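As structure tokens, the structure follows; a few thoughts come after it.
4 protein chains.
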Amino acid sequence: MDGFQQRREQKKKDILTTAHGLFMTHGIQKVSVAEIARKAGVSQVTIYNYFENKHKLIYESFLYYVDEAMSEFEETVDSDLPFPEKIKQLIFNKKQTAIQIHPEYYQYMMREYTADQGNLIERIYAEKTMPILSILLEEGRSKGYIDPSISMEAVLFYINILKDAMQREEIYEKVLPLTEDITKIFFYGLVGEKRE
Amino acid sequence: MDGFQQRREQKKKDILTTAHGLFMTHGIQKVSVAEIARKAGVSQVTIYNYFENKHKLIYESFLYYVDEAMSEFEETVDSDLPFPEKIKQLIFNKKQTAIQIHPEYYQYMMREYTADQGNLIERIYAEKTMPILSILLEEGRSKGYIDPSISMEAVLFYINILKDAMQREEIYEKVLPLTEDITKIFFYGLVGEKRE
Amino acid sequence: MDGFQQRREQKKKDILTTAHGLFMTHGIQKVSVAEIARKAGVSQVTIYNYFENKHKLIYESFLYYVDEAMSEFEETVDSDLPFPEKIKQLIFNKKQTAIQIHPEYYQYMMREYTADQGNLIERIYAEKTMPILSILLEEGRSKGYIDPSISMEAVLFYINILKDAMQREEIYEKVLPLTEDITKIFFYGLVGEKRE
Amino acid sequence: MDGFQQRREQKKKDILTTAHGLFMTHGIQKVSVAEIARKAGVSQVTIYNYFENKHKLIYESFLYYVDEAMSEFEETVDSDLPFPEKIKQLIFNKKQTAIQIHPEYYQYMMREYTADQGNLIERIYAEKTMPILSILLEEGRSKGYIDPSISMEAVLFYINILKDAMQREEIYEKVLPLTEDITKIFFYGLVGEKRE
DNA sequence: AATGAATGAGGGTTCATTCAT
DNA sequence: GATGAATGAACCCTCATTCAT
Numbered sequence: 001m002d003g004f005q006q007r008r009e010q011k012k013k014d015i016l017t018t019a020h021g022l023f024m025t026h027g028i029q030k031v032s033v034a035e036i037a038r039k040a041g042v043s044q045v046t047i048y049n050y051f052e053n054k055h056k057l058i059y060e061s062f063l064y065y066v067d068e069a070m071s072e073f074e075e076t077v078d079s080d081l082p083f084p085e086k087i088k089q090l091i092f093n094k095k096q097t098a099i100q101i102h103p104e105y106y107q108y109m110m111r112e113y114t115a116d117q118g119n120l121i122e123r124i125y126a127e128k129t130m131p132i133l134s135i136l137l138e139e140g141r142s143k144g145y146i147d148p149s150i151s152m153e154a155v156l157f158y159i160n161i162l163k164d165a166m167q168r169e170e171i172y173e174k175v176l177p178l179t180e181d182i183t184k185i186f187f188y189g190l191v192g193e194k195r196e
Numbered sequence: 001m002d003g004f005q006q007r008r009e010q011k012k013k014d015i016l017t018t019a020h021g022l023f024m025t026h027g028i029q030k031v032s033v034a035e036i037a038r039k040a041g042v043s044q045v046t047i048y049n050y051f052e053n054k055h056k057l058i059y060e061s062f063l064y065y066v067d068e069a070m071s072e073f074e075e076t077v078d079s080d081l082p083f084p085e086k087i088k089q090l091i092f093n094k095k096q097t098a099i100q101i102h103p104e105y106y107q108y109m110m111r112e113y114t115a116d117q118g119n120l121i122e123r124i125y126a127e128k129t130m131p132i133l134s135i136l137l138e139e140g141r142s143k144g145y146i147d148p149s150i151s152m153e154a155v156l157f158y159i160n161i162l163k164d165a166m167q168r169e170e171i172y173e174k175v176l177p178l179t180e181d182i183t184k185i186f187f188y189g190l191v192g193e194k195r196e
Numbered sequence: 001m002d003g004f005q006q007r008r009e010q011k012k013k014d015i016l017t018t019a020h021g022l023f024m025t026h027g028i029q030k031v032s033v034a035e036i037a038r039k040a041g042v043s044q045v046t047i048y049n050y051f052e053n054k055h056k057l058i059y060e061s062f063l064y065y066v067d068e069a070m071s072e073f074e075e076t077v078d079s080d081l082p083f084p085e086k087i088k089q090l091i092f093n094k095k096q097t098a099i100q101i102h103p104e105y106y107q108y109m110m111r112e113y114t115a116d117q118g119n120l121i122e123r124i125y126a127e128k129t130m131p132i133l134s135i136l137l138e139e140g141r142s143k144g145y146i147d148p149s150i151s152m153e154a155v156l157f158y159i160n161i162l163k164d165a166m167q168r169e170e171i172y173e174k175v176l177p178l179t180e181d182i183t184k185i186f187f188y189g190l191v192g193e194k195r196e
Numbered sequence: 001m002d003g004f005q006q007r008r009e010q011k012k013k014d015i016l017t018t019a020h021g022l023f024m025t026h027g028i029q030k031v032s033v034a035e036i037a038r039k040a041g042v043s044q045v046t047i048y049n050y051f052e053n054k055h056k057l058i059y060e061s062f063l064y065y066v067d068e069a070m071s072e073f074e075e076t077v078d079s080d081l082p083f084p085e086k087i088k089q090l091i092f093n094k095k096q097t098a099i100q101i102h103p104e105y106y107q108y109m110m111r112e113y114t115a116d117q118g119n120l121i122e123r124i125y126a127e128k129t130m131p132i133l134s135i136l137l138e139e140g141r142s143k144g145y146i147d148p149s150i151s152m153e154a155v156l157f158y159i160n161i162l163k164d165a166m167q168r169e170e171i172y173e174k175v176l177p178l179t180e181d182i183t184k185i186f187f188y189g190l191v192g193e194k195r196e
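Residue numbers (my numbering), protein chains in the order written: chain F, 1 to 196; chain A, 1 to 196; chain V, 1 to 196; chain E, 1 to 196.
What follows is the structure, encoded as structure tokens:
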């Protein structure tokens, strides 16, 4: 990739992250292309040169974000933390964008891509999330942390919704003090750990 | 309330439910006042006569929805189902709007009312959800279903996120077969029910 | 039709004629909706309230124009001028919009409506122009002005292209002095009237 | 002209014909410089290097087209076909771009060059079309095909409008079966050839 | 109280044209 | 001389809101 290509790629990335940031803060529909352009320091038309559509921009910004999320996710799973720590990190580590698709995007993608690429999201889960996750859960099972009768899907579901909740600033702040309780419930359930 | 007032109230309710329905299906920002007016069979101006703003309309539509949700919630709690059934119903009964505030509204409210009424949602939780929920959880504790060392907030949190997930059509469909597993995890955790 | 309707109808007509006028002078694509609005003394949005689209506006403006043209045409045919005079009037009377569809519209309609309503224009010819014209030509034949072996289509074709040419300001001016010659050719051809 | 110049000239011609082709198919205003560049396989800027303006490009493309038309026209006139055949060919030979200026250009030129070069078109007629045509018509007269009392302008006018009509695909197709009738009218008029 | 009509402001998108390499 | 990148201006269109009846 030569200098041209590189600068182009860089600028594209700049626009993408600017857009993504704005989308996350103000929602997708409320952010105008003009605003993105202003904040990214380029002309509106430049954005169109790179992305053709607002739609496409959202789409690519979404993919970009998914990619980032996935590599972070993989990193955690591959790390040599003890299993419960990995789980905790997955759920509570705010920096981690991972696993879960942010509701803002989710809703947008669902609304706009129902027929065609609605399965896009399913594909991402099937091809990216699940494979990595299954490694993690296998580890959990083999080390006796996970009831083997429980399906992987159900576990993923819980991790997802927990992660999802943590993504929301307001919730995150409020439940941070509850970290211990939440983890406890996750591992031992409402009934609690009362084997003697 | 005389006939006039009644008809007025009725019309207001009509507009409210029409609006709410559209908001849930197409998102809040995508629904125009004109569309609501058309579907409710009134003029746009009538909507303004009743609600002053699109903002206010959303706001009232939100409150209306919360109220409905709460009475349904209360009903379940007050019923004489066994405790685990109540929990299941809370989480999986699709008809139940209850407890949880729909993400669409949530996001909107958060975005628009940050400073002022951001606490509105907190107030709803504090004044409506929690009191009812605490009754339910007290029952759970007294009947030995809940580890007493776990905070009510944490339990509410779980119920909330589970409920929240169930609100999303796509998720609901996919996890319905997982009902048993999900309940199991909720009561006994990842580790599973393996006492002595 | 009550007062409301009437005023509405009138305003619609105003916009229509304004638009038509501008289209004729500056071409269709060069005229912006904003310009029409300005010249018609209404807001741009009002135009959209009435016509939904620039496309639709053009379309209706086209139909409006065709209608006008047809009634003028009919009037001439029904008048009690002698046959050659009718022909002359048809061809040279500038006020007459008649018969022929203006090239500007023609091209636009053709370009945009190829598949669907491309036949729209043909339909207009078939259902409106031809019936009236056939009356005229029948008269011409019966009075010995027209060689009966010549097809009606061929005559219509000539009238059309002559009329068409007259619609163009620049040509009209230049050929007005040629009126006699042109008529002569039309009736007696290049070879001229040199019988016996 | 050296190799450089030649290649330059060739590229210019390529752009010109590409542009001309697109103009004829989609209209002048609807074709963007970007589209021409893409189809001609050059950069947009290259087009600007050669033509300075879209305007100028149109203009040159117009001249290019006129030149071609004229040489074809001349060829026909100079050929040794019998006079009526020449006329027929002039009118009906589709390949012939000749004499007549295509309405698309005509309108555009008229609209943009009204004051200044509006006479450009007149000049073309005066300096190019008429001289050639007059040769043809002289031939027609001398051979008894043309009533000498008819002005050359009037004849040119007829040929023009006939040619013009033939340029329009839709019309061409429809009147091709009428060839004989149209020619007949052209030579003998409506009244028909009824000398005994 | 209710409506049809009207509007200012703003959003996405396209285009002819210029800049920098 | 040729190109990829960038842009200001303009265009079509939508929307929440107000006016007049």
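Idealized CB from N, CA, C, for every residue including glycine.
Just so we're clear, the structure is a prediction, and the values are computed from it rather than from any experiment.
- Listing by chain order, which chain F residues have their CB less than 9 Å from the CB of F83 of chain A? Residue 83 of chain A sits at position 83 when you count from the first residue of the second sequence. Simply none; closest approach about 10 Å.
- Query: Going straight from the alpha carbon of L156 of chain V to that of N49 of chain F, what length do you get?
  - Reply: As a position in the third sequence, residue 156 of chain V is number 156, starting the count at 1. As a position in the first sequence, residue 49 of chain F is number 49, starting the count at 1. C-alpha separation (whole angstroms): 51 Å.
- Query: The alpha helix (DSSP H) with L137 of chain V in it runs from where to where?
  - Reply: Position 137 of the third sequence, counting from 1, holds the residue named residue 137 of chain V. Note, L137 of chain V: alpha helix (DSSP H), M130 to S142.
- Query: Along chain E, in chain order, which residues have C-beta atoms closer than 7 Å to that of E153 of chain V?
  - Reply: Sequence index remark: in the third sequence, residue 153 of chain V carries index 153 (1-based). In chain order: L178.
- Query: Is the beta carbon of I36 of chain V less than 8 Å from the beta carbon of A165 of chain E?
  - Reply: Along the third sequence, read from residue 1 onward, the residue named residue 36 of chain V stands at position 36. Along the fourth sequence, read from residue 1 onward, the residue named residue 165 of chain E stands at position 165. Result no, Cβ atoms of I36 of chain V and A165 of chain E do not sit closer than 8 Å.
- Item | Cβ neighbour criterion (16 or more within 10 Å) applied to L176 of chain F | Numbered from its first residue, the first sequence carries residue 176 of chain F at position 176. Classification of L176 of chain F: exposed, given that the 10 Å Cβ count is below 16.
- Message: Taking the alpha-carbon of E139 of chain V as reference, which of V:K86, V:L57 and V:I28 has the nearest alpha-carbon?
- Response: Counting from one through the third sequence, the residue named residue 139 of chain V turns up at place 139. The shortest Cα separation from E139 of chain V among V:K86, V:L57 and V:I28 belongs to V:K86.
- Task: Let me know the secondary structure DSSP gives S61 of chain F once reduced to three states.
- Result: Translated into the one-based positions of the first sequence, residue 61 of chain F becomes position 61. Reduced to three states, the DSSP call for S61 of chain F is helix.
- Task: Would you check if the distance between the CB atom of A197 of chain E and the CB atom of S61 of chain E is smaller than 8 Å?
- Result: Outside the shown range of chain E (1 to 196) lies residue 197 of chain E, about which nothing can therefore be said.
- Item | Same chain, Cβ closer than 7 Å to V33 of chain A, five either side skipped, listed in chain order | Start at 1 with the first residue of the second sequence, and residue 33 of chain A comes out as number 33. For V33 of chain A, where only same-chain residues beyond five positions count, the Cβ hits under 7 Å are Q44, I47 and K54.
- Query: Using the beta-carbon of each residue, which ones in chain F are nearer than 7 Å to I135 of chain A?
  - Reply: Stepping through the second sequence from its first residue, residue 135 of chain A is reached at position 135. Within chain F, no residue comes near I135 of chain A; the closest Cβ sits about 16 Å away, beyond 7 Å.
- Do the segment 5-19 of chain A and the segment 176-192 of chain A meet, that is, are 3 or more Cβ pairs less than 8 Å apart? no
- Query: Counting contacts by CB-CB distance shorter than 8 Å, is V77 of chain V in contact with chain E?
  - Reply: Sequence index remark: in the third sequence, residue 77 of chain V carries index 77 (1-based). No, because no Cβ of chain E sits closer than 8 Å to the Cβ of V77 of chain V.
- Message: Only counting the same chain, and skipping five residues up and downstream in sequence, which positions put a Cβ closer than 8 Å to that of A98 of chain A?
- Response: Residue numbering aside, residue 98 of chain A sits at position 98 when the second sequence is read from its first letter. Annotation note: pLDDT 49 at A98 of chain A (below 50); position unreliable, coordinate value reported separately. Answer for A98 of chain A: A69, M70, E72, F73, T76, L90 and K163, listed in chain order.
- Query: So, helix, strand or coil for E75 of chain F, using DSSP?
  - Reply: The sequence position of residue 75 of chain F within the first sequence is 75, counting from 1. Correct three-state label for E75 of chain F: helix.
- Item | Near-chain V residues of the segment 20-38 of chain E - C-beta to any C-beta below 8 Å | H26, G27, Q29 and K30
- Taking the C-alpha atoms as reference points, what is the distance between M152 of chain F and E122 of chain F? Locating residue 152 of chain F in the first sequence gives position 152, where the first residue counts as 1. Locating residue 122 of chain F in the first sequence gives position 122, where the first residue counts as 1. If I take the Cα positions, the gap works out to 16 Å.
- Query: Closest Cβ-Cβ distance between Y65 of chain A and chain F: below 8 Å?
  - Reply: Residue 65 of chain A sits at position 65 when you count from the first residue of the second sequence. It does not: the Cβ of Y65 of chain A has no partner Cβ on chain F nearer than 8 Å.
- Excluding the 5 residues preceding and the 5 following F92 of chain E in the sequence, name in chain order all residues of the same chain whose CB lies nearer than 7 Å to its CB. For the purposes of this step, residue 92 of chain E is taken as the residue at position 92 of the fourth sequence. Closer than 7 Å at Cβ, skipping near neighbours: M166 and T179.
- Determine the chain F residues that contact K184 of chain A at a beta-carbon separation under 9 Å, and present them in chain order. In the second sequence, counting from the first residue as 1, residue 184 of chain A sits at position 184. The contacting residues are D147, S149, I150, A154 and G189.
- Does DSSP classify Q117 of chain E as helix, strand or coil? The sequence position of residue 117 of chain E within the fourth sequence is 117, counting from 1. Caution applies to Q117 of chain E, whose pLDDT of 49 falls short of 50 and renders its modelled position unreliable; the value that the coordinates give is listed next. Coil, per DSSP.
- Task: Leaving aside the five residues before and after I28 of chain A along the sequence, list all residues of the same chain whose C-beta is less than 7 Å from its C-beta, in chain order.
- Result: On the second sequence, position 28 is the one that residue 28 of chain A refers to. I58, E104 and Y108, listed in sequence order.
- Message: Please report the distance separating the alpha-carbon of L81 of chain A from that of K39 of chain F.
- Response: Position 81 of the second sequence, counted from the start, is the residue given in the question as residue 81 of chain A. Position 39 of the first sequence, counted from the start, is the residue given in the question as residue 39 of chain F. Each residue's Cα considered, the two are about 56 Å apart.
- Query: What's the C-alpha gap between S134 of chain F and I15 of chain F?
  - Reply: The sequence position of residue 134 of chain F within the first sequence is 134, counting from 1. The sequence position of residue 15 of chain F within the first sequence is 15, counting from 1. Each residue's alpha carbon lies about 34 Å from the other.
- Under the three-state DSSP convention, the category K30 of chain E falls into: Position 30 of the fourth sequence, counted from the first residue, corresponds to residue 30 of chain E. The answer is coil: DSSP assigns K30 of chain E none of H, G, I, E or B.
- Query: Using a C-beta to C-beta distance shorter than 8 Å, which residues of chain V count as neighbours of D80 of chain E?
  - Reply: Translated into the one-based positions of the fourth sequence, residue 80 of chain E becomes position 80. Ordered by position in chain V, no residue passes the 8 Å Cβ test against D80 of chain E, which lies about 20 Å from the chain.
- Task: Give the interface partners of Y162 of chain V over in chain E, defined as CB-CB distance under 7 Å, in chain order.
- Result: One-based indexing of the third sequence puts residue 162 of chain V at position 162. The sequence as given places Leu at residue 162 of chain V; Tyr does not occur at that position. Simply I161.
- Item | Other residues of its chain near L136 of chain V: CB distance less than 7 Å, five sequence neighbours each side excluded | For the purposes of this step, residue 136 of chain V is taken as the residue at position 136 of the third sequence. Hits under 7 Å: V77 and K86.
- Item | For P84 of chain V, the three-state DSSP class (helix, strand or coil) | Taking the first residue of the third sequence as 1, we reach residue 84 of chain V at position 84. If DSSP states are grouped into helix, strand and coil, P84 of chain V belongs with the helices.
- Which of helix, strand or coil DSSP assigns to G41 of chain F: Mapped onto the first sequence, residue 41 of chain F falls at position 41. Reduced to three states, the DSSP call for G41 of chain F is coil.
- Task: In the DSSP assignment, find the unbroken alpha helix (DSSP H) run with I182 of chain V in it and report its ends.
- Result: By one-based count along the third sequence, residue 182 of chain V stands at place 182. That run of the alpha helix (DSSP H) goes T179 to Y188.
- Is the shortest distance between the beta-carbon of Y158 of chain A and the beta-carbons of chain F less than 8 Å? Here residue 158 of chain A corresponds to residue number 158 of the second sequence, with the count starting at 1. For Y158 of chain A, the answer is yes, since a Cβ of chain F falls inside 8 Å of its Cβ.
- Closer than 9 Å at the beta carbon, the chain A residues around V175 of chain F: Counted from its first residue, the first sequence places residue 175 of chain F at position 175. What V175 of chain F touches in chain A: E153, A154 and F157.
- Task: Measure from the C-beta of R111 of chain F to each C-beta in chain A and report whether the shortest distance is under 8 Å.
- Result: In the first sequence, counting from the first residue as 1, residue 111 of chain F sits at position 111. Chain A, which has a Cβ nearer than 8 Å to the Cβ of R111 of chain F, makes this yes.
- Task: Please state whether DSSP places I171 of chain E in a helix, a strand or coil.
- Result: By one-based count along the fourth sequence, residue 171 of chain E stands at place 171. Looking at I171 of chain E - three-state DSSP - the assignment turns out to be helix.
- Message: Given this structure, state the Cα-to-Cα distance separating I171 of chain F from Y106 of chain A, to the nearest angstrom.
- Response: Within the first sequence, numbered from 1, the residue matching residue 171 of chain F stands at position 171. Within the second sequence, numbered from 1, the residue matching residue 106 of chain A stands at position 106. Straight-line Cα distance between these residues: approximately 11 Å.
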